[in-house]
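Chemist: First the structure, which I've put down as structure tokens, then a few questions once you've had a look.
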Amino acid sequence: MRIATWNVNSVVARLDFVLDFLVTRQPDIVCVQELKIDDQGFPRLAFAQVGYAVATHGQPQWNGVAVFVRSEAAPPPEIVQAGLPGQEANGARLITVRALGLRVTSIYVPNGKSITHPDFAMKLGWLDALAAHLRETHEPDALSIVGGDFNLCPGDLDTWNPAAHVGRIFHTEAERSRFEALRTLGFKDLFREKYPNDATFSWWDYRAGAFHKKHGLRIDLLLGTDAVLDRVTSVSVDRDFRKKRSDRIPSDHAPVVVELDLPVG
DNA sequence: ATGTCCACTAGGAGTGGA
């Protein structure tokens with residue numbers, strides 16, 4: 006089974022990239038963030054035509070999350086939660102589905118803007134609410150995945166220039182301690198568990214040639230319970246989908262993909 | 001490099017967000 010997470014930075018602007026990712030990589034499940042479209046406007050038909058069912062929790066203009074499921078020989082995803090309880094006013098940032106025998110959550114953590122901005126406190130509160138929600142709904146023995154854009158670097162290996170970012174947003178102890186709380190709940194960082202010493206990034210700023218210069222961050226993460234972790238065979242970043250294609254502009258995030266030793270269906 | 005790209009409003013270029 007192949008499961009991915011990808012912040013697409015507008016599913017409408019990125020439709021060609023996203024459909025090509027599905028067709029060429031054939032992921033079984035994809036956690037998606039930054040749809041930037043409401044559920045009515047979501048281009049469902051285009052996804053059905055390439056064999057994917059979608060569960061969306063969108064809003065106009067900003068945010069929005071989804072889970073795509075390869076529909077060949079599989080029932081469509083069943084939505085079990087749309088929106089993080091108590092945090093609905095802060096944007097459409099969480100959806101949980103049951104699909105292919107797994108519980109899968111796609112999240113888009115608030116950016117926070119800067120550590121002095123009111124949005125930073127909102128971000129920390131959102132992460133606290135996420136931990137509380139995962140604690141309440143946790144099935145310790147289940148195959149559970151939380152994938153998404155966490156808008157934080159878990160450790161110094163996850164940032165291209167740690168010295169320049171000490172104490173800055175995405176790198177603060179306040180953010181990292183909340184990430185650690187998710188691990189304590191039983192949600193392990195699949196990439197880091199598999200590769201304790203690898204510096205691999207998933208996001209590069211559009212500006213200043215950051216991708217070319219390898220000035221990136223690892224902020225797009227797939228977390229899983231031990232039942233998932235035991236079945237991980239690889240975790241990779243699909244950098245091809247961060248590359249410009251003739252006149253087409255990519256998202257500033259690349260897909261992160263985990264391969265599991267787990268049959269589909 | 002304050003560097004780019006998105007959606008929205010508006011009917012063009014500016015704003016807010018990331």
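Counted the way my numbering counts, the first sequence spans residues 6 to 270. All residues carry an ideal CB built from backbone N, CA and C; glycine is no exception. Since we're looking at a predicted model, the values are computed, not measured.
#1: Identify the continuous beta strand (DSSP E) that holds Gly229 and give its terminal residues.
#2: When you compare each of Gly56, Pro65, Val35 and Arg30 to Phe47 by their alpha carbons, which one comes out closest?
#3: Considering only the beta carbon of each residue, do Leu195 and Leu148 sit closer than 8 Å?
#4: Can you list, in chain order, the residues of its chain whose CB lies under 8 Å from that of Asp43, leaving out five sequence neighbours each side?
#5: To the nearest angstrom, report how far apart Ile112 and Ser207 are at their CA atoms.
#6: Less than 8 Å separating the beta-carbons of Leu89 and Leu135?
#7: Helix, strand or coil: which one does DSSP assign to Thr177?
#8: In whole angstroms, give me the CA-to-CA distance for Ala58 and Ser76.
#9: May I ask you to verify whether the region 17-31 touches the region 87-105, counting CB pairs closer than 8 Å and requiring at least 3?
#10: Quick check: what's the CA-CA separation for Thr177 versus Gln54?
#11: List the endpoints of the continuous alpha helix (DSSP H) containing Phe196.
#12: Under 7 Å Cβ to Cβ from Phe246, same chain only, skipping five residues before and after it: list those, please.
#13: Helix, strand or coil: which one does DSSP assign to His258?
#14: Distance, Cα to Cα, Pro80 vs Thr101?
#15: Where do the ends of the alpha helix (DSSP H) carrying Glu141 lie?
#16: Taking only three categories from DSSP, how would you classify Ala71?
#17: What residue from Phe192, Cys158 and Pro167 has the CA that sits closest to Arg181's CA?
#18: What do you reckon, are the CB atoms on Lys193 and Leu234 nearer than 8 Å?
#19: Given a cut-off of 8 Å on the beta-carbon distance, is the pair Asp266 and Leu222 in contact?
#20: Just checking my contact of Val242 with Val263 at CB under 8 Å: how many whole Å lie between their CB atoms?
#21: Nearest CA to the CA of Leu132: which residue from Thr121, Val151 and Ala204?
#22: Which of the three DSSP states, helix, strand or coil, is assigned to Leu105?
#23: Secondary structure at Asp154, three-state DSSP: helix, strand or coil?
#24: Please name the residue in His170, Gly229 and Val72 whose C-alpha comes closest to that of Ser119.
Modeler: Taking the geometry as given:
#1: Per DSSP, the unbroken beta strand (DSSP E) holding Gly229 starts and ends at Asp225 to Gly229.
#2: When Gly56, Pro65, Val35 and Arg30 are compared, the shortest CA-CA separation from Phe47 is found for Pro65.
#3: no
#4: Spatial neighbours of Asp43 in its own chain (CB-CB distance under 8 Å, excluding positions within 5 residues in sequence) are listed in chain order as Gly63, Gln64, Pro65 and Gly69.
#5: 15 Å
#6: yes
#7: coil
#8: 6 Å
#9: no
#10: Cα to Cα, the separation comes out at about 43 Å.
#11: Leu195 to Lys199
#12: Result list for Phe246: Phe22, Phe26, Pro255, Ala259 and Pro260, in chain order.
#13: strand
#14: 16 Å
#15: Pro123 to Thr142
#16: strand
#17: That would be Cys158, whose Cα lies nearest to the Cα of Arg181.
#18: Yes, Cβ-Cβ distance for Lys193 and Leu234 is below 8 Å.
#19: no
#20: Not quite, the Cβ-Cβ distance comes to about 11 Å (not below 8 Å), so this is no contact.
#21: Val151
#22: Reduced to three states, the DSSP call for Leu105 is coil.
#23: strand
#24: His170
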